[in-house]
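Peer 1:
2 protein chains.
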Amino acid sequence: MRAVVCQEGALEVRDVPAPRPARGQLVLDVLACGICGSDLHARHHADAAADAAQAAGYDDLMRPGDAVVLGHEFCGEVEGGGRRWRGPVVAMPMVRAAGGVHLTGLTTHAPGAYAEQVLVQESLTFAVPNGLAPDAAALTEPTAVALHAVDRGQVARGRPAIVVGCGPVGLGVVGVLKARGVRTVVASDPSPARRALARALGADVVVDPGEESPFDAAVGAGARFLDAQQLFGLAVGSMEKLRAVPLLPWQHVFRLAEAAGAGPQGPVVFECVGVPGILDTLITSAPLATRVVVVGVCMADDVIKPSIAINKEVDLRFVLGYTPAEFRAALHLLAEGEIDANVLVSGRVGLAGVEEAFAALADPETHAKVLVDPSAPGQLVRT
Amino acid sequence: MRAVVCQEGALEVRDVPAPRPARGQLVLDVLACGICGSDLHARHHADAAADAAQAAGYDDLMRPGDAVVLGHEFCGEVEGGGRRWRGPVVAMPMVRAAGGVHLTGLTTHAPGAYAEQVLVQESLTFAVPNGLAPDAAALTEPTAVALHAVDRGQVARGRPAIVVGCGPVGLGVVGVLKARGVRTVVASDPSPARRALARALGADVVVDPGEESPFDAAVGAGARFLDAQQLFGLAVGSMEKLRAVPLLPWQHVFRLAEAAGAGPQGPVVFECVGVPGILDTLITSAPLATRVVVVGVCMADDVIKPSIAINKEVDLRFVLGYTPAEFRAALHLLAEGEIDANVLVSGRVGLAGVEEAFAALADPETHAKVLVDPSAPGQLVRT
Numbered sequence: 000m001r002a003v004v005c006q007e008g009a010l011e012v013r014d015v016p017a018p019r020p021a022r023g024q025l026v027l028d029v030l031a032c033g034i035c036g037s038d039l040h041a042r043h044h045a046d047a048a049a050d051a052a053q054a055a056g057y058d059d060l061m062r063p064g065d066a067v068v069l070g071h072e073f074c075g076e077v078e079g080g081g082r083r084w085r086g087p088v089v090a091m092p093m094v095r096a097a098g099g100v101h102l103t104g105l106t107t108h109a110p111g112a113y114a115e116q117v118l119v120q121e122s123l124t125f126a127v128p129n130g131l132a133p134d135a136a137a138l139t140e141p142t143a144v145a146l147h148a149v150d151r152g153q154v155a156r157g158r159p160a161i162v163v164g165c166g167p168v169g170l171g172v173v174g175v176l177k178a179r180g181v182r183t184v185v186a187s188d189p190s191p192a193r194r195a196l197a198r199a200l201g202a203d204v205v206v207d208p209g210e211e212s213p214f215d216a217a218v219g220a221g222a223r224f225l226d227a228q229q230l231f232g233l234a235v236g237s238m239e240k241l242r243a244v245p246l247l248p249w250q251h252v253f254r255l256a257e258a259a260g261a262g263p264q265g266p267v268v269f270e271c272v273g274v275p276g277i278l279d280t281l282i283t284s285a286p287l288a289t290r291v292v293v294v295g296v297c298m299a300d301d302v303i304k305p306s307i308a309i310n311k312e313v314d315l316r317f318v319l320g321y322t323p324a325e326f327r328a329a330l331h332l333l334a335e336g337e338i339d340a341n342v343l344v345s346g347r348v349g350l351a352g353v354e355e356a357f358a359a360l361a362d363p364e365t366h367a368k369v370l371v372d373p374s375a376p377g378q379l380v381r382t
Numbered sequence: 000m001r002a003v004v005c006q007e008g009a010l011e012v013r014d015v016p017a018p019r020p021a022r023g024q025l026v027l028d029v030l031a032c033g034i035c036g037s038d039l040h041a042r043h044h045a046d047a048a049a050d051a052a053q054a055a056g057y058d059d060l061m062r063p064g065d066a067v068v069l070g071h072e073f074c075g076e077v078e079g080g081g082r083r084w085r086g087p088v089v090a091m092p093m094v095r096a097a098g099g100v101h102l103t104g105l106t107t108h109a110p111g112a113y114a115e116q117v118l119v120q121e122s123l124t125f126a127v128p129n130g131l132a133p134d135a136a137a138l139t140e141p142t143a144v145a146l147h148a149v150d151r152g153q154v155a156r157g158r159p160a161i162v163v164g165c166g167p168v169g170l171g172v173v174g175v176l177k178a179r180g181v182r183t184v185v186a187s188d189p190s191p192a193r194r195a196l197a198r199a200l201g202a203d204v205v206v207d208p209g210e211e212s213p214f215d216a217a218v219g220a221g222a223r224f225l226d227a228q229q230l231f232g233l234a235v236g237s238m239e240k241l242r243a244v245p246l247l248p249w250q251h252v253f254r255l256a257e258a259a260g261a262g263p264q265g266p267v268v269f270e271c272v273g274v275p276g277i278l279d280t281l282i283t284s285a286p287l288a289t290r291v292v293v294v295g296v297c298m299a300d301d302v303i304k305p306s307i308a309i310n311k312e313v314d315l316r317f318v319l320g321y322t323p324a325e326f327r328a329a330l331h332l333l334a335e336g337e338i339d340a341n342v343l344v345s346g347r348v349g350l351a352g353v354e355e356a357f358a359a360l361a362d363p364e365t366h367a368k369v370l371v372d373p374s375a376p377g378q379l380v381r382t
């Protein structure tokens with residue numbers, strides 16, 4: 000079958016063996032497969048990505064010399080699906096192979112879906128419900144990434160969320176935050192086109208970070224943050240109020256004190272840029288008690304100022320991936336219309352045009368998510 | 000009255016005006032005041048500490064040229080206490096002054112307790128219960144710092160805690176963790192004397208980090224951590240198990256899936272060293288899903304590898320200070336014998352010996368917490 004193979008930074012359509020399913024596995028005819036930022040990483044920074052995965056205990060992420068079929072955001076139909084698997088399906092991109100479990104589209108052991116067919120685990124396969132179109136269903140995987148990040152962010156009621164960087168993952172985070180009922184979502188990106196997409200996905204406020212701080216924008220939208228001097232005043236003031244009620248029993252008084260002394264609530268920031276310096280910029284400009292969910296993958300070493308992070312009680316929560324339950328929940332958010340995936344899909348390309356699509360994705364004004372469709376003609380078409 | 004003044008890095012006993020209480024304030028005759036690591040910072044790195052506080056919105060932390068009476072970990076008796084304030088008291092070190100609320104012992108607006116007397120807010124003052132000795136009560140403030148750090152760490156049932164660095168704060172964290180019922184506490188410090196103190200405060204395992212990784216020690220003590228390959232196997236395996244039970248309704252199956260898919264639980268690490276490089280060392284050597292509570296104050300810029308933190312889903316939670324409720328809770332942990340403060344107190348010194356005590360604290364083998372007692376003779380005495 001035909002597939003796009005990445006090797007030594009080159010992308011090339013090759014004829015490769017069709018997948019052969021073992022027990023518990025299925026073969027999908029690919030309908031659509033999204034091009035992901037980590038595919039761009041895999042092409043040009045494979046060693047750095049593989050080193051980081053190795054540090055976490057996964058030894059088989061692709062190296063530059065490996066010939067790997069990329070593609071892990073896919074929707075397809077089960078070959079010979081019969082009654083059990085009728086219509087489009089999606090699958091979490093992991094398969095049993097070579098004595099372990101491997102990441103589809105990111106290792107030689109598990110070829111991906113920039114191809115006519117792809118191998119999946121039946122246990123990780125989900126029927127696409129509600130007549131959701133395959134193009135939209137192909138966004139299940141990046142939506143699961145966004146959903147997991149939002150879960151890890153634990154945005155409390157009334158706390159604003161700020162999404163820094165509106166690439167496909169940042170836009171997915173905007174969509175999930177609004178689907179989850181977060182009231183104030185501020186989205187920040189230098190690109191007008193990306194800000195328009197953030198708006199379309201429900202962002203309440205969009206800012207160009209070159210012109211306005213997203214934290215100021217959150218305040219403009221009604222958020223209230225404390226600085227250290229205000230926090231000190233609150234601590235003393237709340238105790239003075241409590242001590243002015245001598246008739247209440249201490250236990251009760253201190254229950255009140257705990258409420259009063261719970262500390263400030265900063266915003267939850269979703270960092271979806273992933274370049275050196277962005278964490279330090281956020282730490283320096285954030286209000287007290289800001290929680291930063293680090294979704295953007297910065298491959299280089301980075302410098303932070305711990306003393307400022309401490310004085311502000313900043314949290315940095317680094318996130319990756321999702322659970323099977325989150326993958327399924329993402330599919331349902333899309334299928335139930337909670338997130339409009341069509342907003343994100345900007346283009347479609349055949350296998351022969353993948354290289355062209357990678358290049359086009361460098362311009363945020365033109366494209367957000369491009370889908371590879373092995374049945375389409377080669378060249379990139381805007382949708 | 001006599002007090003130890005810090006200015007341009009020098010410590011000097013001077014005659015200073017006695018405190019004059021405004022409405023809502025009390026004057027304490029100081030019985031004991033602990034020497035804190037931040038006093039050492041204040042002496043030699045005042046500008047860096049003041050810059051970090053300023054970034055968080057507190058503008059008045061001492062600068063090198065300021066003449067400041069240090070000391071914020073104190074126990075005293077209320078001058079003219081009468082019936083309301085009989086016996087020893089402690090107070091949260093914040094006072095209203097100069098139109099704001101200021102940090103006692105760290106600014107010119109709020110002289111500290113390396114002195115015969117100190118000014119406090121009545122609303123932040125707590126009678127010492129249960130006949131707790133003033134020396135032990137003086138440890139309320141650092142114990143509150145430790146308690147706040149443990150609160151922010153949210154150590155889940157069955158999750159091990161690892162305390163890296165057994166200075167007074169790290170030792171306080173060990174004590175609070177055990178008081179809170181955390182089952183496995185591993186304490187790590189190169190100093191044999193500090194490891195012995197950690198043991199005395201209840202650490203289940205102590206390690207010399209030069210000889211053994213505290214993470215390995217936690218595994219030796221029964222902790223189970225997953226690496227990425229094991230996590231992938233768990234995700235697929237749990238879904239295979241669930242799919243093998245076709246008779247259960249989907250809703251129920253997915254409740255199980257969520258439980259199975261909750262992800263790995265790493266240890267909670269309390270970083271109590273505060274030197275450049277320690278965060279990167281922890282990120283690099285930690286298992287998946289490690290939560291690092293950053294208690295140690297590193298004043299220099301620091302380099303981390305975000306890509307490894309992401310692949311491991313590490314959390315960095317930076318912490319500082321405590322609430323009034325936590326301050327009171329710390330006093331009660333000490334007074335109820337949940338933490339034995341006497342273990343920590345290694346010496347006592349008069350005002351004239353504070354400089355000697357600062358020097359002696361550089362050697363972890365000899366001293367942990369030294370108390371300043373304005374009624375004692377000058378020189379440092381081991382207790």
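Quick note, the sequences are listed as chains A and B, same order.
Just so we're aligned, residue 0 is where the first sequence starts under numbering that gives the first Met the number 0, counting upward by one.
Just so we're aligned, residue 0 is where the second sequence starts under numbering that gives the first Met the number 0, counting upward by one.
Note that CB positions come from ideal geometry on N, CA and C, so glycine has one too.
Quick caveat: nothing in here was measured; it's all calculated off a predicted structure.
At 8 Å on the CB atoms, spell out the chain B contacts of Q228(A), in chain order.
Peer 2: In the first sequence, residue 228(A) corresponds to position 229, counting from 1. G56, Y57, D58, G99, V100, listed in chain order.
Peer 1: Once you ignore the five residues that flank L287(A) on each side, which residues in its own chain have a CB closer than 7 Å to its CB?
Peer 2: Taking the first residue of the first sequence as 1, we reach residue 287(A) at position 288. The answer, listed in chain order, is F224, L225, D226, A227, L230, P263, G265, K311, E312.
Peer 1: Quick check: the Cα distance between L370(B) and F125(B), rounded to an integer number of angstroms?
Peer 2: For the purposes of this step, residue 370(B) is identified with residue 371 of the second sequence, where counting begins at 1. For the purposes of this step, residue 125(B) is identified with residue 126 of the second sequence, where counting begins at 1. Between L370(B) and F125(B), the C-alpha separation is close to 20 Å.
Peer 1: Counting only Cβ pairs nearer than 8 Å, list the residues of chain D close to Q264(B).
Peer 2: Chain labels in this structure do not include chain D; the protein chains are A and B.
Peer 1: Thinking C-alpha only, which one of L118(B), A54(B), P20(B) is nearest A2(B)?
Peer 2: On the second sequence, position 3 is the one that residue 2(B) refers to. Of the listed residues, the one whose Cα sits closest to A2(B) is L118(B).
Peer 1: Tell me which residues share the same chain as G23(B) and place their Cβ nearer than 8 Å to its Cβ, disregarding the 5 neighbours each side in the sequence.
Peer 2: Within the second sequence, residue 23(B) is the residue found at index 24, counting from 1. Same-chain partners within the cutoff: R95, Q120, E121, S122.
Peer 1: Go to D14(A), then tell me how far its beta strand (DSSP E) extends in each direction, as first and last residue.
Peer 2: Taking the first residue of the first sequence as 1, we reach residue 14(A) at position 15. It spans 9-14 - the beta strand (DSSP E) in which D14(A) sits, taken as one unbroken run.
Peer 1: Looking only at DSSP bridge pairs, what is M93(A) linked to?
Peer 2: On the first sequence, position 94 is the one that residue 93(A) refers to. Its beta-bridge partners are L102(A).
Peer 1: Does R194(B) pass the burial test, meaning 16 or more other C-beta atoms within 10 Å, or should it be called exposed?
Peer 2: Reading the second sequence from its first residue, position 195 is the one you call residue 194(B). R194(B) should be labelled buried.
Peer 1: K368(B) to A137(B), Cα distance in whole Å?
Peer 2: To locate residue 368(B), count along the second sequence from 1; it is residue 369. To locate residue 137(B), count along the second sequence from 1; it is residue 138. K368(B) and A137(B): Cα-Cα distance of roughly 10 Å.
Peer 1: Answer with yes or no whether the minimum CB distance from M61(B) to chain A is below 8 Å.
Peer 2: Along the second sequence, read from residue 1 onward, the residue named residue 61(B) stands at position 62. Cβ-Cβ to chain A under 8 Å: no for M61(B).
Peer 1: Taking 8 Å as the threshold (C-beta atoms), are V29(A) and A114(A) in contact?
Peer 2: Counting from 1 along the first sequence, the entry for residue 114(A) is found at position 115. Counting from 1 along the first sequence, the entry for residue 29(A) is found at position 30. Yes.
Peer 1: Anyone know if the C-beta pair for L196(A) and V342(A) falls short of 8 Å?
Peer 2: Position 197 of the first sequence, counting from 1, holds the residue named residue 196(A). Position 343 of the first sequence, counting from 1, holds the residue named residue 342(A). Yes, the pair counts as a contact, with Cβ atoms nearer than the cut-off.
Peer 1: Please list the terminal residues of the continuous alpha helix (DSSP H) segment that includes T183(B).
Peer 2: As a first step, residue 183(B) is located in the second sequence; it is residue number 184 there, counting from the start. Neither: T183(B) is in no alpha helix (DSSP H) and is coded neither H nor E.
Peer 1: Determine the contact status of F269(A) and V205(A), defining contact as a CB-CB distance below 8 Å.
Peer 2: Locating residue 269(A) in the first sequence gives position 270, counting from the first residue. Locating residue 205(A) in the first sequence gives position 206, counting from the first residue. Going by C-beta atoms, F269(A) is not nearer than 8 Å to V205(A).
Peer 1: Identify the contact partners of F231(B) in chain A, using a Cβ-Cβ distance below 8 Å as the criterion.
Peer 2: In the second sequence, the residue the question calls residue 231(B) occupies position 232. In chain order: Y57, M93, G99, V100, H101, L102.
Peer 1: Can you find a CB in chain B that lies within less than 8 Å of the CB of Q120(A)?
Peer 2: The residue labelled residue 120(A) in the question sits at position 121 within the first sequence. Output row for Q120(A): interface = yes.
Peer 1: For L332(A), which option in V127(A), V318(A), A9(A) has the closest C-alpha, if you only look at C-alpha atoms?
Peer 2: In the first sequence, counting from the first residue as 1, residue 332(A) sits at position 333. Among V127(A), V318(A), A9(A), the Cα nearest to that of L332(A) belongs to V127(A).
Peer 1: Report buried or exposed for G81(A), applying the criterion of at least 16 other Cβ atoms within 10 angstroms of its Cβ.
Peer 2: The sequence position of residue 81(A) within the first sequence is 82, counting from 1. Classification for G81(A): exposed.
Peer 1: Using the three-state DSSP reduction, which class does L25(B) fall into: helix, strand or coil?
Peer 2: The residue you call residue 25(B) lines up with position 26 of the second sequence. DSSP places L25(B) in strand when its eight states are reduced to three.
Peer 1: Starting from the C-beta of G166(A), find all residues in its chain whose C-beta is less than 7 Å away, skip the five residues before and the five after it, and write them out in chain order.
Peer 2: Position 167 of the first sequence, counted from the start, is the residue given in the question as residue 166(A). Correct list, in chain order: G36, C271.
Peer 1: Against chain B, does G23(A) count as a neighbour if the rule is that its beta carbon must be under 8 Å from one of theirs?
Peer 2: Residue numbering aside, residue 23(A) sits at position 24 when the first sequence is read from its first letter. Yes, contact with chain B.
Peer 1: Would you tell me roughly how many angstroms separate the C-alpha atoms of A143(B) and A52(A), rounded to the nearest one?
Peer 2: On the second sequence, position 144 is the one that residue 143(B) refers to. On the first sequence, position 53 is the one that residue 52(A) refers to. Distance between the alpha carbons of A143(B) and A52(A) is about 38 Å.
Peer 1: Of all the CB atoms in chain B, is at least one closer than 8 Å to the CB of V88(A)?
Peer 2: Taking the first residue of the first sequence as 1, we reach residue 88(A) at position 89. So, not an interface residue.
Peer 1: Assuming L69(B) is part of the alpha helix (DSSP H), what are its boundary residues?
Peer 2: The residue given as residue 69(B) occupies position 70 in the second sequence. Segment: none, L69(B) is in no alpha helix (DSSP H) and carries neither H nor E.
Peer 1: Using the rule of at least 16 other Cβ atoms within 10 Å of the residue's Cβ for burial, across every protein chain shown, is R151(B) buried or exposed?
Peer 2: Looking up residue 151(B) in the second sequence gives position 152. R151(B) is buried by the Cβ-count criterion.
Peer 1: Mind pulling the alpha helix (DSSP H) runs of 4 or more residues that sit fully within the segment 294-361 of chain A?
Peer 2: Counting whole runs of 4 or more residues, the segment 294-361 of chain A contains the alpha helix (DSSP H) stretches 305-311, 323-334, 353-359.
Peer 1: Count the other CB atoms, across all protein chains shown, that sit within 10 Å of the CB of P16(B); report buried if there are 16 or more and exposed otherwise.
Peer 2: Here residue 16(B) refers to the residue found at position 17 of the second sequence. When all chains shown are included, P16(B) counts as exposed.
Peer 1: Indicate whether L149(B) and R198(B) have their beta-carbon atoms separated by less than 8 Å.
Peer 2: For the purposes of this step, residue 149(B) is taken as the residue at position 150 of the second sequence. For the purposes of this step, residue 198(B) is taken as the residue at position 199 of the second sequence. Inspection of the sequence shows that residue 149(B) is occupied by Val rather than by Leu. Cβ atoms of V149(B) and R198(B): not closer than 8 Å.
Peer 1: State the beta-bridge partners of T124(A) as determined by DSSP.
Peer 2: Residue mapping note: residue 124(A) aligns to position 125 of the first sequence, counting from 1. Paired residues: A90(A).
Peer 1: Please determine, among E76(B), E11(B), E239(B), G33(B), the residue with the shortest C-alpha to C-alpha distance to V168(B).
Peer 2: One-based indexing of the second sequence puts residue 168(B) at position 169. Nearest option by C-alpha distance: G33(B).
Peer 1: Could you check what DSSP says for V154(A) in three-state terms: helix, strand or coil?
Peer 2: By 1-based counting over the first sequence, the position of residue 154(A) is 155. Coil.
Peer 1: Tell me, please, whether the CB atom of P213(A) is closer than 8 Å to any CB atom in chain B?
Peer 2: The count along the first sequence starts at 1 and reaches residue 213(A) at position 214. Answer no: the Cβ-Cβ gap between P213(A) and chain B never drops below 8 Å.
Peer 1: Quick one: list the residues of chain A neighbouring R156(B), beta-carbon separation under 7 Å, in chain order.
Peer 2: The sequence position of residue 156(B) within the second sequence is 157, counting from 1. Per Cβ cutoff of 7 Å: no residues; R156(B) is ~19 Å from chain A at best.
Peer 1: Using alpha carbons as the reference points, say which of G346(A), V12(A), R13(A) lies closest to P363(A).
Peer 2: Within the first sequence, numbered from 1, the residue matching residue 363(A) stands at position 364. Of G346(A), V12(A), R13(A), the residue nearest in Cα terms is G346(A).
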